[in-house]
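Remarks on the structure that follows.
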Amino acid sequence: MACVSVIGTEAAASPTTLADVISAAPIFHSAVQVHNPYQISWDATDKATLSPTPPDFTYGCTATLRTWIPGESVGSLPCNNKHDNLNIGNTGLFFFVVIGVPIIAVVLIATCCGIYCRKARRIRRGRDEQRRTVHQPPQPVAPAAEPDVHLNNVKA
Numbered sequence: 004m005a006c007v008s009v010i011g012t013e014a015a016a017s018p019t020t021l022a023d024v025i026s027a028a029p030i031f032h033s034a035v036q037v038h039n040p041y042q043i044s045w046d047a048t049d050k051a052t053l054s055p056t057p058p059d060f061t062y063g064c065t066a067t068l069r070t071w072i073p074g075e076s077v078g079s080l081p082c083n084n085k086h087d088n089l090n091i092g093n094t095g096l097f098f099f100v101v102i103g104v105p106i107i108a109v110v111l112i113a114t115c116c117g118i119y120c121r122k123a124r125r126i127r128r129g130r131d132e133q134r135r136t137v138h139q140p141p142q143p144v145a146p147a148a149e150p151d152v153h154l155n156n157v158k159a
């Protein structure tokens, strides 16, 4: 949990010139400053010398407190030693869901689009071929030319 504080600007004296207005104008009127929380840890042997005395945790267990008021008991806390740095559970399943599933989805969509386009092209070619054969008038057949052979001029 991050630490949050509100930052505001104080009202400036009224300026008299345009240059004073520009130089005195605040960059922001109010803002929220957020910084990482403080990470505090101690050794079990140091507990007696710290002031205020830190809360008791189960021996050998680390826990995260969102807030703690010195002197108050923290009650029972779950141990978070198992996943101190990695809170994603089963990493194999996590990477499959995050990386594998989108890749599989893209491949399936691309395959479906390819199949649809090929089928549409085949149907369109069939229609075009059918239109060409139905709407074309029959071509006239030219009479065969007679051979230019004259048997009368043959000398023996």
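Using this note's numbering, read the sequence shown as starting at 4 and increasing by one per residue.
Heads up, the beta-carbon is just placed ideally off N, CA and C, and yes, glycines get one too.
Nearest candidate by alpha-carbon position, reference residue 43, set 71, 130, 121 and 118: It is 71 whose Cα lies nearest to the Cα of residue 43.
Cα-Cα separation between residue 117 and residue 38, rounded to whole angstroms: One Cα belongs to residue 117, the other to residue 38, and the distance between them is close to 51 Å.
C-alpha distance - residue 105 paired with residue 98, whole-angstrom precision: Using only the alpha carbons, I get a separation of about 11 Å.
4 or more residues per run - each alpha helix (DSSP H) lying fully within the stretch 99-145: Correct list: 104-138.
Minimum C-alpha distance to residue 41 - residue among 33, 35, 67 and 112: The candidate whose alpha carbon is nearest that of residue 41 is 67.
Alpha-carbon spacing of residue 129 relative to residue 120, whole angstroms: Those two C-alpha atoms are separated by around 14 Å.
Residue 86 burial status per 10 Å Cβ neighbour count (16 or more: buried): Low confidence applies to residue 86: its pLDDT is 49, below 50, so where it sits in the model is not reliable, and the reading given next is rough at best. Residue 86 should be labelled exposed.
Residue span of the beta strand (DSSP E) that contains residue 36, given as start and end: Start and end: 33-38.
Inter-residue CB distance, residue 55 and residue 74 (contact presumed, cutoff 8 Å): Taking 8 Å as the upper bound for CB-CB distance, residue 55 and residue 74 are in contact here, some 6 Å apart.
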